[in-house]
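Right, one structure below, let's go through it.
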Amino acid sequence: MTQIDPRDSQEPDSGTNNTGQVTPHEKTKPLSSNAPLHKRILVVDDNSDIAFTLRIGLEDSDPTMQVHSFDNPVTALLEFKPDFYDLLLIDVNMPLMDGFQLTQKLLQKDLNVRVCFMTSGEINVDAAREVHPLKSIGCFIKKPISTELLVKRIRAELQ
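According to our numbering, the residues represented by the sequence shown are 14 to 172, in order.
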């Protein structure tokens, strides 16, 4: 199901394209010299509705967040820009490539980016950290989560 956001009508390369891939949504407002720096976040969730909702919810809740979202981990890997993102918000359970596999590949391109994993299932955080001892792992987020709480978690990770 494709969702249309009226804010996307003037931005042809944002939203969901005809392949079902959620494409980057970038605010094009010019920043003044004293405007707060944008925090760039990459969201990858195989559910396009969740990816879309997270992108719009985060950007609407905090104008300093610039969010790119994808519903396909392979596409996210191909489109990934090293040294661009401040935080990766990655779903754990995805087809083709799970969130841990995707993160390992993304960290080969950018070792310094922070990562938060999202899951709707139960996860043993200590066991996950033992199996995936990535220093970049910041947090595990249980879905569903309110936008307000997610914004707080992201801000905490980015400080």
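Beta carbons are placed, not taken as given, at the ideal position from N, Cα and C, and that holds for glycine.
At a Cβ-Cβ threshold of 9 Å, A64 and D58 count as neighbours. One alpha carbon belongs to K156, the other to E135, and they sit about 10 Å apart.
Rounded to whole angstroms, the Cβ separation of D99 and R53 is 5 Å, and the two are in contact under 8 Å. Ranked by Cα distance from V56, the options D62, P76, F83 are led by F83.
A straight-line Cα-Cα distance of about 20 Å links Q117 and L171. If you ignore the 5 residues before and after C152, its C-beta comes within less than 7 Å of the C-beta of C129, R166, E170, all in its own chain and listed in chain order.
Here S61 carries a helix assignment [DSSP, helix/strand/coil]. For T132, the uninterrupted beta strand (DSSP E) run begins and ends at 127-132, by DSSP.
H81 is bridged by DSSP to L55.
Of all alpha-carbon atoms in L50, D111, M110, K94, the one lying nearest the alpha-carbon of N125 is that of K94.
K155 has T132 as its beta-bridge partners, per DSSP. The shortest CA-to-CA distance from Q79 to any of L91, D104, L90, L50 is the one to L50.
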